[in-house]
Structure formats: C-alpha cells, structure tokens
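I have placed the structure first, in the form of structure tokens, so that the comments after it can refer back to it.
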Amino acid sequence: MTNFDPLNSNLELDLEDDDEQNQESGVWLSISDLMSGLLLFFALLFIATQIQLQKYQELIDKLPIAVVEAIEKEIGNEALQVDPKTGDVSLDDQILFTEGSSQLKFEGKQFLNEFIPIYSGVILSNEDFDQLVVRIIIEGHTSSKGSEIANRALSLERALAVTNYIFSDELQFPNKKRFEKKILISGRGEIEANQNIDDPIDRKVTFRFQLRRPDFTGGTDQEEAKIKESIDQESK
Numbered sequence: 433m434t435n436f437d438p439l440n441s442n443l444e445l446d447l448e449d450d451d452e453q454n455q456e457s458g459v460w461l462s463i464s465d466l467m468s469g470l471l472l473f474f475a476l477l478f479i480a481t482q483i484q485l486q487k488y489q490e491l492i493d494k495l496p497i498a499v500v501e502a503i504e505k506e507i508g509n510e511a512l513q514v515d516p517k518t519g520d521v522s523l524d525d526q527i528l529f530t531e532g533s534s535q536l537k538f539e540g541k542q543f544l545n546e547f548i549p550i551y552s553g554v555i556l557s558n559e560d561f562d563q564l565v566v567r568i569i570i571e572g573h574t575s576s577k578g579s580e581i582a583n584r585a586l587s588l589e590r591a592l593a594v595t596n597y598i599f600s601d602e603l604q605f606p607n608k609k610r611f612e613k614k615i616l617i618s619g620r621g622e623i624e625a626n627q628n629i630d631d632p633i634d635r636k637v638t639f640r641f642q643l644r645r646p647d648f649t650g651g652t653d654q655e656e657a658k659i660k661e662s663i664d665q666e667s668k
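According to the numbering used here, the sequence shown is numbered sequentially starting from 433.
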C-alpha cells in the first residue's frame with residue numbers, strides 16, 4: 433500500500449501552477465511584442481505618407497510657377513493669362529479666331545508656333561512634372577451671346593481647331609507624340625461665362641492640367657526597407 437505524502441503533493445501542484453503561469457506570461461509577451469510591432473509599423477507608415485503628401489504638394493505648387501516663368505520669359509502675357517495657382521493658361525480668342533468663327537487666323541497659328549514648344553517643354557522636360565500631369569485639357573469657351581447650343585458647338589469646334597493645328601505637320605516641336613498622348617478636348621460653351629453681359633474675356637481657349645492623384649499605397653523602396661528593418665529589430 434502506497435503512503436500519501438502531502439508535501440510531495442503540494443510540491444507537484446506548485447510546479448504545475450508555475451508552468452501555467454509561465455505559459456500565460458509567454459502568451460502575453462508574444463501579444464505585447466506583436467502590438468508593439470504593429471504600432472511601430474503604422475507610425476512609420478504614417479510618417480512615410482506625410483512625406484509623400486508633402487512632396488506631392490510641393491510639385492503642385494512648383495508647376496504653375498514654372499509655367500508662369502517660362503511664358504513671361506519667352507512670350508510675355510499680352511495675349512494670354514496664366515492662373516498662378518493652377519497653371520491654367522487662357523488664350524485670347526481675338527488672336528486665334530474672328531468672331532463667330534472656328535477657323536484659325538494666321539496670327540493665331542503664329543502664336544501657337546511660339547507658345548506650344550514653350551508650354552510643352554515645361555511639362556515634358558521635367559520628369560516630375562511629366563508624371564504629375566496626366567492630362568492636358570484644351571477647352572473652348574464662349575461668351576453668353578447667342579444660343580447655348582450654338583455656343584457649345586462653337587467652343588468645341590475651336591478647341592478642336594487648336595488641337596488639330598498643334599498636331600499637324602505645320603507645327604513641329606520636341607516630344608510631340610508624348611505631348612499628344614496627354615491631350616483631351618472639351619467644349620464648355622457659355623457655362624463659365626457672365627450671363628448678364630457679353631464679356632469678351634469669356635471667349636477663350638484654355639489649357640488646363642488634370643493631375644495624377646497621390647499614391648499612398650506604399651512608400652519608396654528606401655522607406656519600405658526602413659520600416660521592415662525597424663519591425664525586425666523590435667521583434668528580436
């Protein structure tokens with residue numbers, strides 16, 4: 433018959449309790465390490481995103497300035513207007529067309545011969561600008577004089593006339609094919625015109641940027657490497 437030893441029994445129970453506590457402690461440590469790693473990951477990801485956003489905004493600010501400086505240096509601003517905030521360039525219709533017509537005048541062609549190489553050069557000669565500008569929309573605009581349907585048709589015909597001339601054999605400039613891939617045509621009619629008066633300033637052809645949206649799905653390769661390295665160090 434085996435004798436019951438209360439001391440040994442208590443010792444075994446204490447050892448089992450210690451094992452359970454150690455296991456629970458190990459589980460909590462693993463969860464704590466995981467949470468610390470995730471917290472670090474999202475903190476670094478947030479920083480990387482902020483850096484990307486700052487770079488994107490800097491590019492948006494620089495593009496209109498570059499357009500303004502190039503045009504003022506080479507052409508002046510007598511026949512056009514540049515929005516310093518957006519980079520939109522509006523060409524006076526008087527230099528391009530006679531009233532009510534969509535046929536380019538000789539003076540209009542001469543002006544485009546001078547303007548387009550400079551304008552396209554600002555965008556295509558800078559890799560960052562080239563990637564930022566997804567589309568260049570050539571918009572025709574009219575004043576509120578006449579019917580809305582006729583104005584819409586005229587504005588589209590004028591935008592098309594400008595576009596056709598730019599990419600005709602009469603006008604040659606560097607990176608012409610690359611520039612053509614960015615072009616969209618739009619006839620806005622009198623949508624943005626003053627409806628109370630026939631204002632000549634409303635009759636124009638505008639070159640407008642459509643910009644690429646910032647991509648925050650991930651940082652650069654260097655930023656991603658730093659994040660991975662930090663997480664690896666934290667988990668050790």
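C-beta: ideal position from N, C-alpha, C; glycine also.
The structure displayed is predicted, hence computed values, not measured ones.
Asked	Found
Where G650 falls, given that 16 or more other Cβ within 10 Å makes a residue buried	Reliability of the predicted coordinates at G650 is poor, the pLDDT of 49 falling under 50, and the value obtained from them is presented with this limitation in mind. Classification of G650: exposed, given that the 10 Å Cβ count is below 16.
Contained beta strand (DSSP E) runs [length at least 3] in the region 537 to 578, N- to C-terminal order	565 to 573
Ordered list of alpha helix (DSSP H) runs contained in the region 601 to 634, each at least 4 residues	608 to 612
Whole-angstrom C-beta distance between L564 and L491, which should lie under 8 Å	5 Å
Continuous alpha helix (DSSP H) stretch holding G535: start and end	The displayed chain sequence assigns Gln, not Gly, to residue 535. That residue, Q535, is in no alpha helix (DSSP H); it is neither H nor E in DSSP.
Proximity of H688 and D634 at Cβ, strictly below 8 Å	With the chain covering only 433 through 668, there is no way to say anything about residue 688.
Start and end residues, beta strand (DSSP E) containing R644	No beta strand (DSSP E) holds R644; DSSP gives it neither H nor E.
At least 3 beta-carbon pairs within less than 8 Å: the region 496 to 504 vs the region 518 to 527	yes
The region 590 to 605 contacting the region 532 to 544, beta-carbon criterion three pairs below 8 Å	yes
Beta-bridge pairing of L512 - partner residues as DSSP gives them	L523
Residues bridged to K636 (per DSSP)	D524 and H573
Environment of G508 [buried if 16+ CB atoms lie within 10 Å]	exposed
Check whether S552 and N607 have beta carbons under 8 Å apart	yes
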